[in-house]
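J.:
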Amino acid sequence: MTFKDFNLKPELLRRLEEIGFEKPSPIQEKAIPVILEGRDVVAQAQTGTGKTAAFGLPILSKMKKGEKALVITPTRELAIQVSEEIFRFGKYLGTHTATVYGGSSYARQIKHIENSEFIVATPGRLLDLLKSGRIDIAPNYVILDEADEMLDMGFLDDIKEIFKFVPSDRQTLLFSATMPEPIKNLAKTILKDPEFITITKKQVTNENITENFYVIDEYERKDALIRLIDYKNPSKSIVFCRTKKDVDDIADFLSGAGFEAKGLHGDMDQRKREEVIRAFKNDRLEILVATDVAARGLDVNNVTHVFNYHLPLDPESYVHRIGRTGRAGKEGMAISLVTPHEFRALSRIQKISKIVLKEIPSLEDVKDKEIQKILEKITNVEPTKKAIEIIEELQNEYDLMTIATKLATMMFAKDADGKEKIGKSVKEAKRLIERDRNSGGRDRRNSRNSRGGFRGRRSGGRRRG
Ligand code: AMP
Numbered sequence: 002m003t004f005k006d007f008n009l010k011p012e013l014l015r016r017l018e019e020i021g022f023e024k025p026s027p028i029q030e031k032a033i034p035v036i037l038e039g040r041d042v043v044a045q046a047q048t049g050t051g052k053t054a055a056f057g058l059p060i061l062s063k064m065k066k067g068e069k070a071l072v073i074t075p076t077r078e079l080a081i082q083v084s085e086e087i088f089r090f091g092k093y094l095g096t097h098t099a100t101v102y103g104g105s106s107y108a109r110q111i112k113h114i115e116n117s118e119f120i121v122a123t124p125g126r127l128l129d130l131l132k133s134g135r136i137d138i139a140p141n142y143v144i145l146d147e148a149d150e151m152l153d154m155g156f157l158d159d160i161k162e163i164f165k166f167v168p169s170d171r172q173t174l175l176f177s178a179t180m181p182e183p184i185k186n187l188a189k190t191i192l193k194d195p196e197f198i199t200i201t202k203k204q205v206t207n208e209n210i211t212e213n214f215y216v217i218d219e220y221e222r223k224d225a226l227i228r229l230i231d232y233k234n235p236s237k238s239i240v241f242c243r244t245k246k247d248v249d250d251i252a253d254f255l256s257g258a259g260f261e262a263k264g265l266h267g268d269m270d271q272r273k274r275e276e277v278i279r280a281f282k283n284d285r286l287e288i289l290v291a292t293d294v295a296a297r298g299l300d301v302n303n304v305t306h307v308f309n310y311h312l313p314l315d316p317e318s319y320v321h322r323i324g325r326t327g328r329a330g331k332e333g334m335a336i337s338l339v340t341p342h343e344f345r346a347l348s349r350i351q352k353i354s355k356i357v358l359k360e361i362p363s364l365e366d367v368k369d370k371e372i373q374k375i376l377e378k379i380t381n382v383e384p385t386k387k388a389i390e391i392i393e394e395l396q397n398e399y400d401l402m403t404i405a406t407k408l409a410t411m412m413f414a415k416d417a418d419g420k421e422k423i424g425k426s427v428k429e430a431k432r433l434i435e436r437d438r439n440s441g442g443r444d445r446r447n448s449r450n451s452r453g454g455f456r457g458r459r460s461g462g463r464r465r466g
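Under our numbering, the final residue of the sequence shown carries the number 466; numbering is consecutive throughout.
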């Protein structure tokens with residue numbers, strides 16, 4: 002299939018050839034004909050699938066003189082990107098685009114809006130302009146881009162209000178990477194008999210890596226880490242932390258618990274850093290505790306487990322971190338600790354990974370597993386001559402039962418301990434995640450704000466994956 006198979010304006014086809022778009026992407030193949038027909042569309046697709054062209058091309062193609070399109074995006078960065086992409090496509094149509102977001106001058110934006118066919122806006126600023134009557138637009142096409150992200154950022158009410166200002170006689174398109182309940186409900190109220198299009202999830206993380214996450218409370222982080230290390234028994238692992246202070250703290254904590262663990266961060270002098278890296282490479286260290294920055298460029302093979310003591314804030318760091326394991330065709334495991342305050346970062350990571358919710362093993366589980374291992378060892382071991390001599394010698398003093406018990410006690414020397422239960426059950430975690438999504442992160446934000454110091458909902462830019 003080529004772009005010529007769609008009934009697009011010649012000015013667009015010429016431009017696509019010029020910028021090197023040869024084959025439509027899957028979302029484009031599905032969405033372009035439906036949008037050209039004039040249908041409303043709900044499309045489940047994420048960044049990087051070519052969704053901007055999927056709605057931009059058919060709308061540019063259909064647009065008659067005097068018509069306007071309005072694109073609503075969650076962040077300023079995305080607004081700029083979408084605007085630039087549309088402008089690029091519209092070169093031979095003479096398309097003008099206006100980008101509207103908070104923090105920039107009203108006067109300039111208002112002028113652009115009046116003169117542009119395509120308006121790309123973030124919800125907050127757009128609503129300000131509409132409510133204050135500074136702009137009066139009647140878009141024929143309205144596109145919600147990354148709707149789930151807008152929900153996560155707490156923009157749902159603003160979106161609903163924006164729709165009070167746009168004519169009901171319009172074509173509406175909704176793009177979203179995921180379809181939580183509030184987005185489905187929104188779709189029902191703002192779209193008319195939409196066509197649903199789903200593009201299967203593009204997964205960027207490695208197939209060889211098993212990815213799990215565990216929902217805990219903040220005060221449980223250390224206990225959870227030790228419990229998971231006890232249970233998984235990694236031979237070589239990296240624990241990622243956010244700050245240098247955490248690195249020192251966790252490295253000390255793990256050493257104190259009897260593991261061969263050392264920290265790596267930017268404040269250490271070069272010689273010390275190299276020493277730690279060499280020890281880790283040569284298997285003299287079991288656990289390396291590091292910040293993202295310190296681990297940059299670290300090239301170590303046979304890492305069996307990566308632990309995210311804190312979840313990284315952006316999906317790119319996540320992909321980068323867990324890529325330290327599962328190399329060269331080997332199996333790897335990535336384990337992330339997540340508190341409810343990290344649900345937003347989690348939802349972004351879920352979009353590009355196959356991370357699965359699990360429950361932290363109980364103390365009993367760890368002990369059962371240890372017993373299992375010892376039983377296996379005993380089953381598989383071949384008795385040596387020396388062992389037989391020792392048992393014969395011991396039998397002069399003890400009966401066989403006593404001897405066996407004493408030997409097993411020796412093998413069991415390092416016993417796991419800690420609380421019986423750590424973290425949330427799968428059921429409870431699911432409930433918390435669901436509630437967070439449905440409230441648009443309101444609970445999370447409120448508790449942040451009440452503790453002070455956390456950024457408000459509109460100040461945060463987001464990097465696109
Ligand atoms: P998007 O998902 O809209 O952010 O697009 C991701 C990137 O893919 C952008 O840089 C687009 O310019 C590019 N792109 C979109 N569609 C195509 C296509 N059919 N052929 C080549 N590149 C494309």
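Every residue, glycine too, gets a C-beta built ideally from N, C-alpha and C.
Roughly how far, in whole angstroms, is the beta-carbon of R328 from the beta-carbon of D293, given that I think they are within contact range, below 8 Å?
T.: Your pair R328 and D293 does not check out as a contact, with CB atoms roughly 18 Å apart and the cut at 8 Å.
J.: In this structure, does DSSP put E182 in helix, strand or coil?
T.: helix
J.: Count the other CB atoms, across all protein chains shown, that sit within 10 Å of the CB of S426; report buried if there are 16 or more and exposed otherwise.
T.: exposed
J.: What number of angstroms, rounded off, separates the C-alpha of H311 from the C-alpha of K233?
T.: 18 Å
J.: Going by DSSP in three states, K263 sits in which element: helix, strand or coil?
T.: In the structure shown, K263 sits in a strand (DSSP, three-state: E or B).
J.: Let me make sure I understand the geometry here. Which of T76, I111, M151, F344 has the alpha-carbon closest to that of S177?
T.: Checking every option, the nearest Cα to that of S177 belongs to M151.
J.: Just checking A252 against ligand 1 - is the residue's beta carbon closer than 6 Å to any of the ligand's heavy atoms?
T.: No, since every heavy atom of ligand 1 falls outside the 6 Å radius drawn around the Cβ of A252.
J.: Whole angstroms is fine: what's the gap from Y107's alpha carbon to G134's?
T.: 12 Å
J.: For S62, verify whether its CB is less than 6 Å away from any heavy atom of ligand 2.
T.: Questions concerning ligand 2 fall outside what the structure shown contains, since the ligands it does hold are ligand 1.
J.: At a threshold of 6 Å, does K52 count as lining ligand 1 (C-beta to nearest heavy atom)?
T.: yes
J.: Enumerate in chain order the residues of its own chain whose CB-to-CB distance from I40 is below 6 Å, with the five nearest sequence positions on each side excluded.
T.: It should be noted that the sequence gives Arg, not Ile, for residue 40. Excluding positions up to five away in sequence, the list reads E196.
J.: Beta-carbon separation of L192 and F166 under 7 Å?
T.: Taking 7 Å as the Cβ cut-off, L192 and F166 do not qualify as a contacting pair.
J.: Apart from the five residues just before and just after E12, which ones in its own chain have a Cβ nearer than 7 Å to its Cβ?
T.: Y93, L94
J.: Apply the 10 Å Cβ neighbour rule to K24 and answer buried if 16 or more other Cβ atoms are within range, or exposed otherwise.
T.: exposed
J.: Mind listing, in chain order, the continuous beta strand (DSSP E) runs of no fewer than 3 residues lying wholly within the segment 83-120?
T.: Complete beta strand (DSSP E) runs here, min 3: 98-101.
J.: Is there a Cβ from chain C that is less than 7 Å from the Cβ of G57?
T.: Structure shown: chain C not included; a single protein chain is present.
J.: Enumerated in chain order, which unbroken segments of the beta strand (DSSP E) with a length of 3 residues or greater are wholly contained in the segment 326-413?
T.: 333-339, 357-359
J.: When DSSP labels each residue in this structure, what does G453 get in the three-state scheme?
T.: Legend: pLDDT at G453 = 35, less than 50; position of this residue unreliable, no value from coordinates given.
J.: For the segment 8-95, which segments carrying the beta strand (DSSP E) assignment without a break, of at least 3 residues, lie completely within its bounds, in sequence order?
T.: 42-45, 70-73
J.: Measuring straight from C-alpha to C-alpha, what distance separates R297 and I210?
T.: Cα to Cα, the separation comes out at about 20 Å.
J.: Excluding the 5 residues preceding and the 5 following P27 in the sequence, name in chain order all residues of the same chain whose CB lies nearer than 6 Å to its CB.
T.: The residues are I200.
J.: Confirm the yes/no value for this check: CB of P25, any heavy atom of ligand 1, distance under 6 Å.
T.: yes
J.: Mind pulling the beta strand (DSSP E) runs of 3 or more residues that sit fully within the segment 240-327?
T.: 262-265, 288-292, 306-309
J.: Following a CB-centred definition, is T96 positioned closer than 6 Å to any heavy atom of ligand 1?
T.: no
J.: Quick check on the DSSP output: the beta strand (DSSP E) that includes E212 runs from which residue to which?
T.: 210-216
J.: Assuming contact is defined by CB atoms lying nearer than 7 Å, are A295 and L338 in contact in what I supplied?
T.: no
J.: Determine which residues share a DSSP beta bridge with S1 and list them.
T.: Residue 1 cannot be examined here, being either before or after the span of the chain that is shown, 2 to 466.
J.: Measuring alpha carbon to alpha carbon, tell me which of S238, A291, A44, P124 ends up nearest D247.
T.: A291
J.: Is the segment 140-149 touching the segment 71-84 in the sense that three or more CB pairs, one from each, lie closer than 8 Å?
T.: yes
J.: Confirm the yes/no value for this check: CB of S176, any heavy atom of ligand 1, distance under 6 Å.
T.: The sequence shown places Phe at residue 176, not Ser. Of the heavy atoms belonging to ligand 1, none sits nearer than 6 Å to the Cβ of F176.
J.: State yes or no: is the C-beta of T173 nearer than 6 Å to some heavy atom of ligand 1?
T.: no
J.: Quick one: grab the DSSP three-state call for V167.
T.: It is coil, neither helix nor strand.
J.: DSSP three-state call for A122: helix, strand or coil?
T.: strand
J.: For V357, which residues from the same chain have a beta carbon less than 6 Å from its beta carbon, with the 5 sequence-adjacent residues on both sides left out?
T.: N213
J.: With burial defined as no fewer than 16 other Cβ atoms inside 10 Å of the residue's Cβ, what is the status of G21: buried or exposed?
T.: The residue in question, G21, is exposed, as its Cβ has fewer than 16 Cβ neighbours within 10 Å.
J.: Between the Cα of S169 and those of Y142, M154, K185, spot the shortest distance and give me the residue it belongs to.
T.: Y142
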